[in-house]
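First residue of the sequence shown: 74, per the numbering used here; consecutive thereafter. Glycine is no exception: its CB is placed at the ideal position from the N, C-alpha and C atoms. Step one of this worksheet: look at the structure below.
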Amino acid sequence: FETKLQSERANMEPHIDTNLYSRQLGIFGMETMGKLVKMRILIHGVKGLGVEIAKNLILAGPKAVVLHDDNLVDISDVGTNYFCSEEDIGKVTRAQKSQKELKLLNPYVDVTVATGKVDLNSLKAYDVVVYTEGNKTEISEVDRFCREANPQIGFIYARTFGVSGFIFVDYGPHFIVFDPTGEDSKSSYVNGVSRGNPGVVTIVDEKPHGFSDGD
Numbered sequence: 074f075e076t077k078l079q080s081e082r083a084n085m086e087p088h089i090d091t092n093l094y095s096r097q098l099g100i101f102g103m104e105t106m107g108k109l110v111k112m113r114i115l116i117h118g119v120k121g122l123g124v125e126i127a128k129n130l131i132l133a134g135p136k137a138v139v140l141h142d143d144n145l146v147d148i149s150d151v152g153t154n155y156f157c158s159e160e161d162i163g164k165v166t167r168a169q170k171s172q173k174e175l176k177l178l179n180p181y182v183d184v185t186v187a188t189g190k191v192d193l194n195s196l197k198a199y200d201v202v203v204y205t206e207g208n209k210t211e212i213s214e215v216d217r218f219c220r221e222a223n224p225q226i227g228f229i230y231a232r233t234f235g236v237s238g239f240i241f242v243d244y245g246p247h248f249i250v251f252d253p254t255g256e257d258s259k260s261s262y263v264n265g266v267s268r269g270n271p272g273v274v275t276i277v278d279e280k281p282h283g284f285s286d287g288d
């Protein structure tokens with residue numbers, strides 16, 4: 074499991090560009106932003122969900138984001154990863170293709186690619202590990218390692234299935250939730266689904282779904 078975190082920048086004191094991050098500073102505050110710019114994050118799986126997570130994180134401004142996905146781009150990626158095109162199929166990995174575009178989003182973030190099988194001990198280099206792919210055994214092993222590490226490593230597992238999805242977050246027994254209620258959940262009621270191809274989903278009129286054509 075090889076990574077290319079830049080050791081020169083790793084030893085530098087974090088710099089916060091108050092012009093670039095002015096909106097975030099107004100929301101997060103300087104203390105939280107100071108922690109964010111020191112974070113190193115590994116993202117395993119760079120399909121549609123993984124690349125979206127990477128994009129948002131890089132714009133937020135952590136110290137480093139490392140992409141891990143050794144799968145070559147295939148036709149399904151063209152419809153999910155907006156950085157992949159038909160010309161990339163079978164030529165580059167999802168991580169390699171995404172890294173070239175993602176690193177342009179924020180000059181303060183080291184965006185690199187890790188290759189090879191994930192070695193648990195290598196995860197000690199990160200503050201947060203994000204998985205968007207993997208089987209139950211692999212996910213459990215990585216989560217257990219991150220939870221038992223000292224200092225503990227934050228672990229996030231997220232998946233999407235069409236318009237639905239889930240997220241599992243493990244920051245250990247000492248994780249403090251400052252907003253126990255969070256946002257109200259959004260829901261809609263399905264009245265029926267036709268048997269045609271494509272199927273037509275009918276929603277109860279009193280509960281609009283909020284989606285638009287193309288979602």
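Subject >> Coil, strand or helix - residue 171 by DSSP >> reply: Locating residue 171 in the sequence shown gives position 98, counting from the first residue. Helix.
So, residue 199 versus residue 134, is the Cβ gap smaller than 9 angstroms? In the sequence shown, the residue the question calls residue 199 occupies position 126. In the sequence shown, the residue the question calls residue 134 occupies position 61. The answer is no: Cβ separation not under 9 angstroms.
Handout entry: Buried/exposed call for residue 91, threshold 16 Cβ in 10 Å
Key = Indexing the sequence shown from 1 puts residue 91 at position 18. Under this definition residue 91 is an exposed residue.
- Query: What do you get for residue 171, buried or exposed, if any count of 16 or more other CB atoms within 10 angstroms of its CB means buried?
  - Reply: Locating residue 171 in the sequence shown gives position 98, counting from the first residue. With 16 or more Cβ atoms within 10 Å of its Cβ, residue 171 is classed as buried.
**Prompt:** Can you tell which of 197, 194, 173 has its C-alpha closest to the C-alpha of residue 186?
**Reply:** As a working mapping, residue 186 is identified with position 113 in the sequence shown. The option with the nearest alpha carbon to residue 186 is 173.
Keeping to the same chain, check which residues put their C-beta closer than 6 angstroms to that of residue 266; ignore five residues upstream and five downstream. Taking the first residue of the sequence shown as position 1, residue 266 is located at position 193. Taken in chain order, the residues that qualify are 272, 274.
Counting beta carbon pairs with one atom in the region 231-248 and one in the region 205-219, are three or more of them shorter than 8 angstroms?
Cβ pair count under 8 angstroms is three or more, so yes.
query: Where in the region 87-160 do unbroken runs of the alpha helix (DSSP H), each at least 4 residues long, occur, reported from the N-terminal end onward?
result: Taking only runs of at least 4 residues, the alpha helix (DSSP H) segments lying wholly in the region 87-160 are 95-101, 103-109, 121-133, 148-151.
Q) When DSSP labels each residue in this structure, what does residue 274 get in the three-state scheme? A) For the purposes of this step, residue 274 is identified with residue 201 of the sequence shown, where counting begins at 1. Looking at residue 274 - three-state DSSP - the assignment turns out to be strand.
With 16 as the cutoff for other CB atoms within 10 Å, does residue 239 come out buried or exposed?
Walking along the sequence shown from the start, residue 239 turns up at place 166. When all chains shown are included, residue 239 counts as exposed.
DSSP-derived helix/strand/coil call for residue 237 = In the sequence shown, the residue the question calls residue 237 occupies position 164. Here residue 237 sits in strand by DSSP.
### Inter-residue spacing [alpha-carbon to alpha-carbon] between residue 252 and residue 183
Residue numbering aside, residue 252 sits at position 179 when the sequence shown is read from its first letter. Residue numbering aside, residue 183 sits at position 110 when the sequence shown is read from its first letter. So the two alpha carbons sit approximately 31 angstroms from each other.
Check your understanding: With respect to the alpha helix (DSSP H) encompassing residue 216, which residues constitute its N-terminal and C-terminal limits?
Key -> By 1-based counting over the sequence shown, the position of residue 216 is 143. For residue 216, the enclosing alpha helix (DSSP H) covers residues 209-221.
If I follow the unbroken beta strand (DSSP E) through residue 183, where does it start and stop? Along the sequence shown, read from residue 1 onward, the residue named residue 183 stands at position 110. Note, residue 183: beta strand (DSSP E), 183-187.
task: My understanding is that residue 148 touches residue 162, with C-beta atoms under 8 angstroms, so please give their C-beta distance in whole angstroms.
output: Taking the sequence shown and counting its residues from 1, the one referred to as residue 148 is at position 75. Taking the sequence shown and counting its residues from 1, the one referred to as residue 162 is at position 89. About 6 angstroms separates the beta carbon of residue 148 from that of residue 162, a gap short enough to meet the 8 angstroms contact definition.
Q. In whole angstroms, what separates the C-alpha of residue 188 from that of residue 180?
A. Looking up residue 188 in the sequence shown gives position 115. Looking up residue 180 in the sequence shown gives position 107. The straight-line gap from Cα to Cα measures roughly 23 angstroms.
Exercise. Relative to the C-alpha of residue 248, which residue among 156, 237, 262, 225 is closest?
Worked result: Reading the sequence shown from its first residue, position 175 is the one you call residue 248. The shortest C-alpha to C-alpha distance from residue 248 to any of 156, 237, 262, 225 is the one to 225.
Please determine, among 97, 276, 116, the residue with the shortest C-alpha to C-alpha distance to residue 108. Counting from one through the sequence shown, the residue named residue 108 turns up at place 35. It is 97 whose Cα lies nearest to the Cα of residue 108.
Do you know whose CA, among 193, 217, 121, lies nearest residue 64's CA?
Outside the shown range of the chain (74 to 288) lies residue 64, about which nothing can therefore be said.
ask   = For the beta strand (DSSP E) that contains residue 245, what are its first and last residues?
value = Position 172 of the sequence shown holds residue 245. Per DSSP, residue 245 belongs to no beta strand (DSSP E) and is neither H nor E.
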